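Protein sequence lines, in the order shown, are assigned to chains A and B. Just so you know, we're using full-length UniProt numbering here: the first sequence kicks off at 1 and counts up by one. Just so you know, we're using full-length UniProt numbering here: the second sequence kicks off at 1 and counts up by one. Don't be surprised by glycine CBs; every beta carbon is placed ideally from N, CA and C. Bear in mind that the values here come from a model prediction, so they are computed numbers and not experimental data. Here's the structure we're looking at; comments come further down.
2 protein chains.
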Amino acid sequence: MNANVQDVVVLLGDSITEFGWDPHGLSQRLAQAYARKFDVINRGFSGYNTEWIIPVFEQFFAKSQDQAHLPKVQLLTIWFGANDACIPPEPQHVPLDAFTTNLSKLVNFVKSPDSPYYSPSTRVVLITPPPVYSKQWNETLVGQGGEPQGRSLDSSHRYAEAVKEVGKKEGVPVVDAWTGIWEAAGKVEEALRKYLSDGLHVNANGYADRNFGLTFGTQVVYDGLLKAISENYPAIHPEALQFVFAPFDEVQESQNRSETLIKRNAFVTK
Amino acid sequence: MNANVQDVVVLLGDSITEFGWDPHGLSQRLAQAYARKFDVINRGFSGYNTEWIIPVFEQFFAKSQDQAHLPKVQLLTIWFGANDACIPPEPQHVPLDAFTTNLSKLVNFVKSPDSPYYSPSTRVVLITPPPVYSKQWNETLVGQGGEPQGRSLDSSHRYAEAVKEVGKKEGVPVVDAWTGIWEAAGKVEEALRKYLSDGLHVNANGYADRNFGLTFGTQVVYDGLLKAISENYPAIHPEALQFVFAPFDEVQESQNRSETLIKRNAFVTK
């Protein structure tokens, strides 16, 4: 495989993350923004909650002693809550206190010097689950021949607030997708249709609105994430980085092409 | 970084590859198709030709002795010719015989047991450059305040034919983007506008055609690549693979969740 040539951004989450490879989805946008700087790795697992993700994390994130062989994770986004917030007895439900414990555990996997996965170069960002529009979600499920599910706007809100609390406690920035989308929708449930594809997932394909043109739930999250990076981790903002291999016009005009073609650090050194 | 959990697809090429992270671009489509199976790594370098890519390859592809620590490259696509085919004295021009030598060298980096980069698990696919519509490309350049460039349909055709010859000689399948797009355009230069965004790059955003609806140059290449995989390397067709971590309903319904959450091989074992 690729030698240790580009560092990476890892997006950890549930289906909302997994579907980020859709056109205009979060992974697609980040991969485009970080092209030739960092690679973007999607670790989204549809239907998973914070309980099930912990053993998965322990298998995909390299232990400290193995990290030297592998691209560095420069940014890890953790975006859970959508499934944890299912209302009991839904089997995906995780109680609120277990949810916050699990989130803290995920954060400390990389941030705690005592963790076998300690990765001091990894910057963490938490993302809150989006507001659920249960009427639209149940229409979707029933339309697919399924049963309505126990999900609610209130429950998604409680889990979003809990993510913010974990962010405060662990000293990690939070992108508040819940509030961003709720406010964009004018705090009107029916207007959430503009930002959600099915009542649960942020839309990427755009909802054509007579007054606002194309609106996208993903746009709210992408803009929030870039803002969080800019404010908290400006060194890894895409615009702060350079291409690992030089732009072709530098190669073309160089008197010493083989030297110009030597890989560089994406971080511009002064 | 990620431990050795998902193998990868590496897309090597020039700007036509680099821009594949656009919505509906080739990388985006492959990342979506291979989600939770293989990761997609874009190694597209705008403006590069086969001469400049060789030292780059030697820096980003792991040497044989280091490959065990890293995700396996299951598929490597090599898509060059667009810049090599520039007409002299354009500085990106690479003579046709040097172009074929370079392409063979890239193929043999991974296929030859004598190469330091020998990677027996890596399947290679070559892709021909798309047809150039020089009128449209020069409109684009001049529209951006630049000068017209020496590129032509005929030259792109000669380089596309050369890629097919290399494929035959090296025993590697070829996706003939040139012929696919030329035939889709009814062999009419002006109709190439439907498949190219600017006369040089395959379009991803779609060209709304009164008679055909949305047409995409990328679609032709994507369909050709999936067909080549299906015919030559069926084991790595996205539909032949399983998720590395189980679908959530298997986890949910399992009597032994921790066992169900152990990573699996993407290749389904009988």
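CA-CA distance, A/A191 and A/G180?
-> Within the first sequence, the letter at position 191 stands for residue 191 of chain A. Within the first sequence, the letter at position 180 stands for residue 180 of chain A. Those two C-alpha atoms are separated by around 13 Å.
Does the distance from the C-beta atom of B/K105 to that of B/I54 stay below 8 Å?
-> By 1-based counting over the second sequence, the position of residue 105 of chain B is 105. By 1-based counting over the second sequence, the position of residue 54 of chain B is 54. In contact: B/K105 and B/I54 (Cβ atoms closer than 8 Å).
Any chain B beta carbon closer than 8 Å to A/V251 = Position 251 of the first sequence, counted from the first residue, corresponds to residue 251 of chain A. Yes, A/V251 counts as interfacial toward chain B.
Members of the segment 71-96 of chain B near chain A, C-beta cut-off 9 Å = P71, K72, V73, N83, P91 and Q92
When DSSP labels each residue in this structure, what does A/T17 get in the three-state scheme?
-> Walking along the first sequence from the start, residue 17 of chain A turns up at place 17. Three-state result, A/T17: helix.
Measuring CB to CB, does B/D7 end up less than 8 Å from B/F38?
-> Taking the first residue of the second sequence as 1, we reach residue 7 of chain B at position 7. Taking the first residue of the second sequence as 1, we reach residue 38 of chain B at position 38. In contact: B/D7 and B/F38 (Cβ atoms closer than 8 Å).
Minimum C-alpha distance to B/V251 - residue among A/V172, A/P91 and A/V174 | In the second sequence, the residue the question calls residue 251 of chain B occupies position 251. Ranking A/V172, A/P91 and A/V174 by Cα distance to B/V251 puts A/P91 first.
Cα-Cα separation between B/S115 and A/T100, rounded to whole angstroms = Reading the second sequence from its first residue, position 115 is the one you call residue 115 of chain B. Reading the first sequence from its first residue, position 100 is the one you call residue 100 of chain A. If I take the Cα positions, the gap works out to 51 Å.
Residues near A/S27 in its chain [Cβ-Cβ closer than 7 Å; skip 5 each side] = Here the question's residue 27 of chain A lines up with position 27 in the first sequence. Excluding positions up to five away in sequence, the list reads L11, G20, W21, V40 and N42.
Who pairs with A/I236 in a beta bridge, going by DSSP?
-> As a position in the first sequence, residue 236 of chain A is number 236, starting the count at 1. Answer by DSSP bridge pairing: none, since A/I236 is not bridged.
Determine the burial state of A/D97: buried for a count of at least 16 other Cβ atoms within 10 Å of its Cβ, exposed for fewer.
-> Looking up residue 97 of chain A in the first sequence gives position 97. Flag for A/D97 reads exposed.
Does the beta carbon of B/Y195 sit closer than 8 Å to a beta carbon anywhere in chain A?
-> Along the second sequence, one-based indexing puts residue 195 of chain B at 195. No, B/Y195 lies away from the interface with chain A (no Cβ there is under 8 Å from its Cβ).
So B/D39 is in the beta strand (DSSP E); what residue range does that whole segment cover?
-> For the purposes of this step, residue 39 of chain B is taken as the residue at position 39 of the second sequence. From DSSP, the beta strand (DSSP E) with B/D39 extends over F38 to G44.
Does the separation of the CB atoms of A/N83 and A/G47 fall below 8 Å?
-> For this step, residue 83 of chain A is matched to residue 83 along the first sequence. For this step, residue 47 of chain A is matched to residue 47 along the first sequence. Yes.
Spatial neighbours of A/L241 within its chain, please: CB distance less than 6 Å, with the 5 preceding and 5 following residues excluded, ordered by chain position.
-> In the first sequence, counting from the first residue as 1, residue 241 of chain A sits at position 241. Only K37 and A266 meet the Cβ criterion.
Measure the C-alpha to C-alpha separation of A/A35 and A/A246 and round it to an integer number of angstroms.
-> Here residue 35 of chain A corresponds to residue number 35 of the first sequence, with the count starting at 1. Here residue 246 of chain A corresponds to residue number 246 of the first sequence, with the count starting at 1. Roughly 13 Å between the two C-alpha positions.
Under the three-state DSSP convention, the category B/T77 falls into = Taking the first residue of the second sequence as 1, we reach residue 77 of chain B at position 77. Three-state result, B/T77: strand.
Name, going along the chain, the residues of the segment 27-38 of chain A whose beta-carbon falls closer than 8 Å to a beta-carbon of chain B.
-> S27, Q28, A31, Q32, A35 and R36
Compute the Euclidean distance between the alpha carbons of B/Y133 and B/S119, then round it to the nearest angstrom.
-> For the purposes of this step, residue 133 of chain B is taken as residue 133 along the second sequence, with counting starting at 1. For the purposes of this step, residue 119 of chain B is taken as residue 119 along the second sequence, with counting starting at 1. So the two alpha carbons sit approximately 37 Å from each other.
Run down chain A in chain order and give the residues with a C-beta less than 7 Å from the C-beta of B/L261.
-> Locating residue 261 of chain B in the second sequence gives position 261, where the first residue counts as 1. Simply W52, P55 and V56.
Assuming A/W178 and A/H157 form a contact by the criterion Cβ under 8 Å, report the distance between their Cβ atoms to the nearest whole angstrom.
-> As a position in the first sequence, residue 178 of chain A is number 178, starting the count at 1. As a position in the first sequence, residue 157 of chain A is number 157, starting the count at 1. Between A/H157 and A/W178 the Cβ distance is about 6 Å, and since that is below 8 Å, they are a contact.
Identify, in the order they occur along the chain, each residue of the same chain with its Cβ nearer than 6 Å to the Cβ of A/Y233, setting aside the five sequence neighbours on each side.
-> On the first sequence, residue 233 of chain A is found 233 positions in, with the first residue counted as 1. R123.
Can you find a CB in chain A that lies within less than 8 Å of the CB of B/M1?
-> For the purposes of this step, residue 1 of chain B is taken as residue 1 along the second sequence, with counting starting at 1. Confidence is the limiting factor: at B/M1 the pLDDT is only 45, short of 50, which leaves the residue's position unreliable, though a coordinate-based value still follows. At least one chain A Cβ lies under 8 Å of B/M1.
Leaving out five residues on either side along the sequence, give the residues of the same chain with a beta carbon under 6 Å from the beta carbon of A/R29.
-> As a first step, residue 29 of chain A is located in the first sequence; it is residue number 29 there, counting from the start. Same-chain partners within the cutoff: Y222.
Pull up the distance between the alpha-carbon of B/S258 and that of A/Q149, whole angstroms please.
-> Your numbering for residue 258 of chain B matches position 258 in the second sequence. Your numbering for residue 149 of chain A matches position 149 in the first sequence. Distance between the alpha carbons of B/S258 and A/Q149 is about 25 Å.
Residue closest to A/P173, alpha-carbon to alpha-carbon, out of A/S64, A/I16, A/T50 and A/L226 = Counting from one through the first sequence, the residue named residue 173 of chain A turns up at place 173. Minimum Cα distance to A/P173 is reached at A/L226.
Near B/S197, what residues of its chain come up, given a Cβ to Cβ distance below 6 Å and the 5 sequence neighbours on each side ignored?
-> For the purposes of this step, residue 197 of chain B is taken as residue 197 along the second sequence, with counting starting at 1. Cβ within range, chain order: N203.
For residue 294 of chain A, which of helix, strand or coil comes out of DSSP?
-> Because chain A here runs from 1 to 270, residue 294 of chain A falls outside it and cannot be looked at.
Could you check which residue in B/Q74, B/V142 and B/E189 has the C-alpha nearest to that of B/D154?
-> To locate residue 154 of chain B, count along the second sequence from 1; it is residue 154. B/D154 has its Cα closest to that of B/E189, out of B/Q74, B/V142 and B/E189.
Residue range of the alpha helix (DSSP H) that B/L96 falls in?
-> The residue given as residue 96 of chain B occupies position 96 in the second sequence. Here the alpha helix (DSSP H) through B/L96 covers L96 to K111.
Residue span of the alpha helix (DSSP H) that contains B/I87, given as start and end | For the purposes of this step, residue 87 of chain B is identified with residue 87 of the second sequence, where counting begins at 1. B/I87 -> no alpha helix (DSSP H), and no H or E assigned at all.
B/L200 in three-state terms, based on DSSP = On the second sequence, residue 200 of chain B is found 200 positions in, with the first residue counted as 1. Three-state DSSP puts B/L200 in coil, outside helix and strand.
Assuming A/V5 contacts A/K263 (C-beta within less than 8 Å), just tell me the rounded distance between them.
-> Position 5 of the first sequence, counted from the first residue, corresponds to residue 5 of chain A. Position 263 of the first sequence, counted from the first residue, corresponds to residue 263 of chain A. The Cβ separation is near 6 Å, so the contact holds.
Alpha carbon of residue 271 of chain A to alpha carbon of B/V268, nearest angstrom = This structure cannot settle anything about residue 271 of chain A, because the visible part of chain A is limited to 1 through 270.
Using CA coordinates, which residue listed in B/G217, B/D176 and B/Q32 is at the minimum distance from B/K194?
-> For the purposes of this step, residue 194 of chain B is identified with residue 194 of the second sequence, where counting begins at 1. For the residues B/G217, B/D176 and B/Q32, the minimum Cα distance to B/K194 belongs to B/G217.
If we ignore side chains and look at the alpha-carbon of each, how far apart do A/G224 and A/E231 end up?
-> To locate residue 224 of chain A, count along the first sequence from 1; it is residue 224. To locate residue 231 of chain A, count along the first sequence from 1; it is residue 231. Cα to Cα, the separation comes out at about 10 Å.
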